[in-house]
Amino acid sequence: MPLTSMPEPPFSDRLVRALADARRVAILTGAGTSAESGVPTFRDPGGLWERFRPEELANVEAFLRNPALVQGWYTHRREIVQGVEPNAGHYALAELERLLIERGGEFLLATQNVDNLHQRAGSERVVELHGNLTRTYCHACDRTATPEEVAALAEDGTLRCSACRDGLLRPDVVWFGEMLPMEAFEAAMDAAARCDVFLSIGTSGVVYPAAGIPLVAAEAGAFVVELNVEPSAMARQMTEVVIGPSGAVLPALVEAVAARR
Ligand code: BJW
Ligand code: ZN
3 MPLTSMPEPP FSDRLVRALA DARRVAILTG AGTSAESGVP TFRDPGGLWE RFRPEELANV
63 EAFLRNPALV QGWYTHRREI VQGVEPNAGH YALAELERLL IERGGEFLLA TQNVDNLHQR
123 AGSERVVELH GNLTRTYCHA CDRTATPEEV AALAEDGTLR CSACRDGLLR PDVVWFGEML
183 PMEAFEAAMD AAARCDVFLS IGTSGVVYPA AGIPLVAAEA GAFVVELNVE PSAMARQMTE
243 VVIGPSGAVL PALVEAVAAR R
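Mind the numbering: the sequence shown is residues 3 to 263 in our numbering, read in order.
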């Protein structure tokens, strides 16, 4: 019989042990985590910024200058995320949370993603650093918009609030130049400062202040891991860099951790 050889996992045994022994785990995810669900990333080729630069669309000035264009871009993206499913990486992170909580540990997943896929995969301890695309509110009166309002274009091609009549509707996301939701950001910083293991998954690490969160964990002495298809801007500050697609690597990693316990 031919000998079958197991392919080497892309992560170290030391990482599996660190996660199996960890009492506190903190995680930061970015657009790469949803790539295998079919949600385009921002900065990869074919990504969301290929036709428009971020400064052109993801800021309030662009929105007020050309609301129909910006609202249309978000309508398109809302349709994308409503038509996709969480991938095996999202489910593995929900499983990792259950493993940690079962043994009385602490867990926090801070996501930059606005696509709701972690929650749909069953993750419970999630904070949204950049908001959520599935929520919409009125720029003028702050009221949350109904699904009907989000589907009804006014004569000028814009989405308007039906309560105050004139207000433009905007997605509940964080644009450039806007503050992150303070409670979510503080929870993420606190978890990073206290964790034993920190995983930074599928993010280019160029957008601040989120990109500073793994560095807080590194400075506090945690085992800090990057998982990405290529090394990011933060790779040199990591204890370990795992190269591979998160939808394939995370299930293997979580399975190895569960087997070790
Ligand atoms: C895979 C994979 C697979 C692919 N598996 N991996 C100079 C220095 C420092 C900061 C600043 C500065 N000048 C300006 C700033 C501040 C600014 C900023 O950071 N700018 C930099 C770009 C320079 N930040 C802000 O304005 C923030 N607010 C703020 O600072 O407030 C304080 C303040 C306010 C006012 C005045 C002064 C101070 C707000 C930032 C908001 C970011 N918003 C966006 C849009 C959200 C809404 C929407 O979705 O449209 O958030 S921008 C966009 O980038 C989005 C993302 O969450 C964010 C991060 O992107 P992410 O997730 O990393 O995606 P990609 O595409 O970049 O990377 C994907 C990665 O996945 C790649 O590495 C791939 O290799 C990998 N990958 N497939 C694993 N299968
Ligand atoms: Zn209104």
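Quick reminder that beta carbons are idealized off the backbone N, C-alpha and C, glycines included.
Computed from a prediction, not measured in an experiment: that's the story for all the values here.
Neighbourhood of residue i by C-beta distance below 7 angstroms, restricted to the same chain and skipping five residues each side
i: Tyr76; result: Leu135, Pro173
i: Ser39; result: Val86, Glu87, Pro88, Asn89, Leu119
Below-9 angstroms beta-carbon distance, residue i vs any chain B residue
i: Arg26; result: Chain labels in this structure do not include chain B; a single protein chain is all it has.
Residue i CB to nearest heavy atom of the ligand ZN below 8 angstroms
i: Ala261; result: no
i: Gly169; result: yes
i: Ala165; result: yes
i: Ala142; result: yes
i: Arg238; result: no
i: Arg145; result: yes
Proximity test, residue i beta-carbon vs the ligand BJW heavy atom, cut-off 8 angstroms
i: Leu66; result: no
i: Met191; result: no
i: Met181; result: yes
i: Ser206; result: yes
i: Arg265; result: Past the boundaries of the shown model lies residue 265; the chain is included only from 3 to 263, so the question cannot be answered.
i: Pro173; result: yes
i: Val243; result: no
i: His92; result: no
i: Thr148; result: no
i: Gly268; result: This structure cannot speak to residue 268, because the chain is shown only from 3 to 263.
Residue j beta carbon less than 9 angstroms from that of residue i
i: His141; j: Gly169; result: yes
i: Ala222; j: Val129; result: no
i: Gly106; j: Ser248; result: no
i: Ile215; j: Ala194; result: yes
i: Gly32; j: Gly179; result: no
i: Ser202; j: Ile29; result: yes
i: Ala94; j: Phe225; result: no
i: Leu102; j: Val27; result: yes
i: Val152; j: Arg80; result: yes
i: Arg122; j: Phe109; result: no
i: Val259; j: Val18; result: yes
i: Met191; j: Val218; result: yes
i: Pro11; j: Ala254; result: yes
i: Ala264; j: Ala237; result: In the structure as shown, the chain starts at 3 and stops at 263, and residue 264 therefore has no counterpart that could be examined.
Selection from the options that minimises the alpha carbon distance to residue i
i: Cys163; options: Ala195, Val128, Gln73; result: Gln73
i: Ala22; options: Glu81, Glu180, Val62, Phe200; result: Phe200
i: Leu71; options: Ala24, Gln121, Asp158, Leu98; result: Asp158
i: Val244; options: Ala250, Val227, Tyr210; result: Val227
i: Ala60; options: Val116, Glu99, Pro253; result: Val116
i: Arg67; options: Ala254, Thr160, Pro12; result: Thr160
Own chain, CB closer than 6 angstroms to residue i, minus 5 neighbours either side, in chain order
i: Gly124; result: Ala96
i: Ala20; result: Val199, Phe225
i: Leu252; result: Gly91, Ala94
Close Cβ partners of residue i (< 8 angstroms) along its chain, the five nearest in sequence each way excluded
i: Ala165; result: Cys140, Cys143, Arg145
Supposed contact pair residue j and residue i - C-beta distance, whole angstroms, cut 8 angstroms
i: Leu182; j: Val175; result: Not really, about 11 angstroms apart at Cβ, beyond 8 angstroms.
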